[in-house]
Amino acid sequence: MKYRTFGKLGIQGSAFGLGCMRFNGAASGDSVIDEQKAVSLIRRAIDGGVTYLDTAYVYLDRTSEIVLGKALQDGYRDKVTIATKMPAEHVHNRAEMEDLLAEELKKLQTDHIDFYLMHGINREKWEYFKSIGAPEFFEEMKKAGKIRYKCFSFHGPYEDFEYIIQDNDWDMVQIQYNFMDVNSQAGTKGLKLAGSLGIPVVIMEGLLGGRLAKAPENVQALYDAFPVKRSPVEWAFRWLCNHPEIATVLSGCNEEGQIDDNLRIFDTVEPGIMSEEELKLMDDVRQAYLSRTKIGCTGCRYCMPCPNGVNIPGIFSAWNDVALYNAEPSEHYGLREIRSNDQGADHCVECGACESACPQNLPIIEKLKEAWKELGG
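Residue numbers (numbering that gives the first Met the number 0): 0 to 376.
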């Protein structure tokens, strides 16, 4: 296992961090199916050199922390650092923050949390956390020894990230990043900004929830033609670990073989490992994925709100995702949300309000029909 320095903190951590959100193949909203198996997987990773374990209060229907706490008995807690998170929707005042942290410590069976994160924030959630005194609470808990580092995980536009990271004295940040997300969310600009501030960066969604683990035909052809043969998973992780700003790359595993494969990959990676030819390959792979795009919707939302409740940008985003990554529509989280909220294209009455507002003059009505048909109607 390769180990990397966590920026200004000066501590060492494993390049492979175990994500504890998808044990036994369960979706993030489901509970752990087989605790004994999950405990075995966690300990297998730690025995292989993993020192960074990431969970959250809400993962696996609030059971992830419990299982991790069980896995860290018998001396395993002393070998690792734990990251868990405070969700904004579960706290409204100081007392609730105290109660939630106490509950998490109890579940994890520990007296302190190493990396404590404000969970999945954007600018709006950050302002909310400030309004209830979360930054001060985190500082007090550091002084009390209940948490070691004050952190946040991020989902939002770069502008929000730039504001948040400079608005407080953070110890670590966690962002979504992979070779397809160079210009999405915090993106490469956010990664570089954090690095310039000495703030270590932990990566989530390095495989885009598994979408980059199995390449579609036109992408696989590029991998196959390259002189060095590696799996799509290994290429994706090597590309990430090439960045010196990255402290740890999270990977969720639900089988022993996945743990072992990650241990092998992360025993060979370090900053600057990618050659110019390999970096060119990954640029070509990105373009090959993008060539599968169905519609050039940028998500500007000028078409919204639809007077009939159709989630136009959401449908187009799901359509592109399914096409880019050769995914099953039924497995797309955003599409499931659209269906459950009754925001499907079957509500379109072809009023044309969206097309008159679209700055790209997209044939929205026609493409909505096509998208909804291909996504299962």
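Ideal Cβ positions, reconstructed from N, Cα and C, are used throughout, including at glycine.
- Counting along the chain, Ala214 sits inside no beta strand (DSSP E), nor does DSSP assign it H or E at all.
- By the criterion of a C-beta distance shorter than 7 angstroms, His331 is surrounded in its chain by Ala317, Asp320 and Val321, once the five residues flanking it on both sides are discounted.
- In the three-state reduction of the DSSP assignment, Ala193 falls in the helix class.
- For Ala214 and Ile164, the gap between their C-alpha atoms comes out near 34 angstroms.
- From the listed residues Ser250, Gly375 and Glu277, the smallest Cα separation to Gln175 is found for Ser250.
- The three-state reading of DSSP puts Gly12 in strand, counting E and B together.
- Nearest to Phe153 by C-alpha distance, out of Lys142, Gly189, Ile146 and Phe137, is Gly189.
- In this structure, Val284 is the residue among Glu365, Gly47, Val284 and Gln359 with its C-alpha nearest to the C-alpha of Asp223.
- Within the DSSP secondary-structure output, Val172 pairs in a beta bridge with Phe151 and Val200.
- In this chain, the beta strand (DSSP E) harbouring Val248 covers Ile245 to Gly251.
- Fully contained in the stretch 283 to 328 are the following alpha helix (DSSP H) runs of length 4 or more, in chain order: 311 to 323.
- Beta-bridge partners assigned by DSSP to Tyr115: Thr83 and Lys149.
- At the C-beta level, Val172 and Ile245 stay beyond 7 angstroms of one another.
- The Cβ atoms of Gly12 and Thr50 sit closer than 7 angstroms to each other.
- For Arg3, no alpha helix (DSSP H) segment is defined; the enclosing uninterrupted segment is the beta strand (DSSP E) at Tyr2 to Thr4.
- Going by C-alpha positions, Ile272 is about 21 angstroms away from Ser195.
- Apart from sequence neighbours up to five positions away, no residue of its chain approaches Lys279 with a beta-carbon distance below 7 angstroms.
- With 16 or more neighbouring CB atoms inside 10 Å of its own CB, Gly68 falls in the buried class.
- Residue burial is scored here from C-beta neighbours: Asn92 has fewer than 16 other C-beta atoms within 10 angstroms and is therefore classed as exposed.
- Residue pairing by DSSP places Asp266 opposite no residue, since no beta bridge is assigned to it.
- For Tyr51, the enclosing beta strand (DSSP E) covers residues Tyr51 to Asp53.
- Exposed is the label assigned to Asn340, since fewer than 16 other Cβ atoms lie within 10 Å of its Cβ.
- Going by DSSP, Met96 is part of the alpha helix (DSSP H) stretching over Arg93 to Leu107.
- Relative to Lys1, the option among Pro270, Lys191 and Glu327 whose CA is nearest is Pro270.
- Counting along the chain, the unbroken alpha helix (DSSP H) around Arg122 starts and ends at Arg122 to Ser130.
- Exposure of Asn217 is indicated by the presence of fewer than 16 other C-beta atoms within 10 angstroms of its C-beta.
- In the three-state DSSP reduction, Leu334 falls in the helix class (H, G or I).
- Bounds of the alpha helix (DSSP H) holding Pro134 are Ala133 to Ala143.
- The C-beta of Asn182 has fewer than 16 other C-beta atoms within 10 Å across all chains shown, which makes the residue exposed.
- One Cα belongs to Arg237, the other to Ala94, and the distance between them is close to 44 angstroms.
- Residue pairing by DSSP leaves Gly376 without any beta bridge partner.
- In the three-state reduction of the DSSP assignment, Gly256 falls in the helix class, which pools H, G and I.
- In its chain, beyond the 5 residues on either side, Gly186 have a beta carbon closer than 7 angstroms to the beta carbon of Asp180.
- The way I'd put it, the stretch 364 to 376 does touch the stretch 301 to 317; three or more beta-carbon pairs between them come closer than 8 angstroms.
- Proximity of the stretch 104 to 113 to the stretch 130 to 150 meets the contact definition, three or more beta-carbon pairs being nearer than 8 angstroms.
- In the three-state reduction of the DSSP assignment, Gly186 falls in the helix class, which pools H, G and I.
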